[in-house]
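Engineer: Take a look at this one; I'll ask things after.
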Amino acid sequence: MKTLIVYASKYGCTEKCVSILKQHLKCDVSVCEASQAGKLDLQAFDCILAGASVYALKLRKELKDFCIQNEALLLQKKLGLFICCSTPLTQANYINNLYAPALLEHAAAKANFGGEIHLEKMSWGDRMVMKMVEKSPDFQYPHILEEEIQQFAAVINNL
Ligand SMILES: Cc1cc2nc3c(=O)[nH]c(=O)nc-3n(C[C@H](O)[C@H](O)[C@H](O)COP(=O)(O)O)c2cc1C
87 MKTLIVYASK YGCTEKCVSI LKQHLKCDVS VCEASQAGKL DLQAFDCILA GASVYALKLR
147 KELKDFCIQN EALLLQKKLG LFICCSTPLT QANYINNLYA PALLEHAAAK ANFGGEIHLE
207 KMSWGDRMVM KMVEKSPDFQ YPHILEEEIQ QFAAVINNL
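Residue numbers 87 to 245, in the numbering used here, belong to the letters of the sequence shown in order.
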């Protein structure tokens, strides 16, 4: 099965998750940043796995735009959707606010791969936001959830 992973990452966490995902997939996998996906012949793939990090309750714009522009095509393909973020798995519905309902319904696999916060890599503005967010009593620094990535890959491997 020819599979394409399309992703958007700001500070590299989603990119890291994509490389872990790729290791667990048993199909023929290509990887592409969402901003470059227009250069590919998407029809050539049987399966598309799309994912991005979340900032201020929104998916990275490049991936959001990719999903909007290619919604009809994505609905014809085997599909997986994922997010990288600091929202914990206890908020199981979080992903449902981030992708179009039709894509969510069509997707064979949906997952939250967790996230990472590296203050030293961030822009001044993002660091200031994080400094405020981390003061919230409920906030916990996220980490990459390898088990979620493995389970997502297992579903795709069985398609
Ligand atoms: C300024 C800022 C805003 C963020 N907003 C959210 C958010 O709204 N929801 C969430 O779950 N995580 C949020 N996060 C956490 C990121 O999604 C998380 O750090 C992710 O792993 C970043 O991945 P990337 O390096 O691939 O961009 C935010 C992080 C920063 C720095």
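Glycine included, each C-beta is placed from N, C-alpha and C at the ideal position.
Run the CB neighbour count on Ile134, radius 10 Å, all protein chains shown included, and call it buried at 16 or more, exposed below.
Structural biologist: It is buried - the Cβ of Ile134 has at least 16 other Cβ atoms within 10 Å.
Engineer: Which of helix, strand or coil does DSSP assign to Ala167?
Structural biologist: Correcting the residue identity first, residue 167 is Leu in this sequence and not Ala. In this structure, Leu167 counts as strand in the three-state DSSP scheme.
Engineer: Tell me the rounded alpha-carbon separation between Ala239 and Met208.
Structural biologist: For Ala239 and Met208, the distance between alpha carbons rounds to 30 Å.
Engineer: What is the C-beta distance between Asn88 and Phe131, in whole angstroms, given that I count them as a contact (C-beta under 8 Å)?
Structural biologist: The sequence as given places Lys at residue 88; Asn does not occur at that position. So it is a contact: roughly 5 Å between Cβ atoms.
Engineer: Run through DSSP, which three-state label would Ser222 get?
Structural biologist: Reduced to three states, the DSSP call for Ser222 is coil.
Engineer: Taking Ile242 as part of the alpha helix (DSSP H), name the residues at either end of that continuous run.
Structural biologist: Counting along the chain, the alpha helix (DSSP H) containing Ile242 begins and ends at 232-243.
Engineer: Please confirm if the segment 207-221 is in contact with the segment 175-190, defined as three or more CB-CB distances below 8 Å between the two stretches.
Structural biologist: They do not touch, by the three-pair rule.
Engineer: When DSSP builds the beta bridges, which residues end up paired with Glu119?
Structural biologist: Tyr93, per the DSSP bridge assignment.
Engineer: Count the C-beta pairs between the segment 164-171 and the segment 227-245 that are closer than 8 Å, then say yes if the count reaches three, no if not.
Structural biologist: The segment 164-171 vs the segment 227-245: in contact.
Engineer: From the DSSP output, which residues share a beta bridge with Val104?
Structural biologist: Answer is none; Val104 lacks a bridge partner.
Engineer: Check His134 in the structure and name its three-state DSSP category.
Structural biologist: Checking the sequence, you will find Ile at residue 134 rather than His. Of the three classes helix, strand and coil, the one that applies to Ile134 here is strand, per DSSP.
Engineer: Please determine whether the Cβ atom of Asp212 lies at a distance below 8 Å from any heavy atom of ligand 1.
Structural biologist: Yes - ligand 1 has a heavy atom lying nearer than 8 Å to the Cβ of Asp212.
Engineer: Determine the contact status of Lys188 and Glu157, defining contact as a CB-CB distance below 9 Å.
Structural biologist: First, the amino acid is wrong: residue 188 is Ala here, not Lys. Going by C-beta atoms, Ala188 is nearer than 9 Å to Glu157.
Engineer: On a Cα-Cα basis, can you pick out the residue from Ser139, Ile203, Leu175, Leu126 that is closest to Val104?
Structural biologist: It is Ser139 whose Cα lies nearest to the Cα of Val104.
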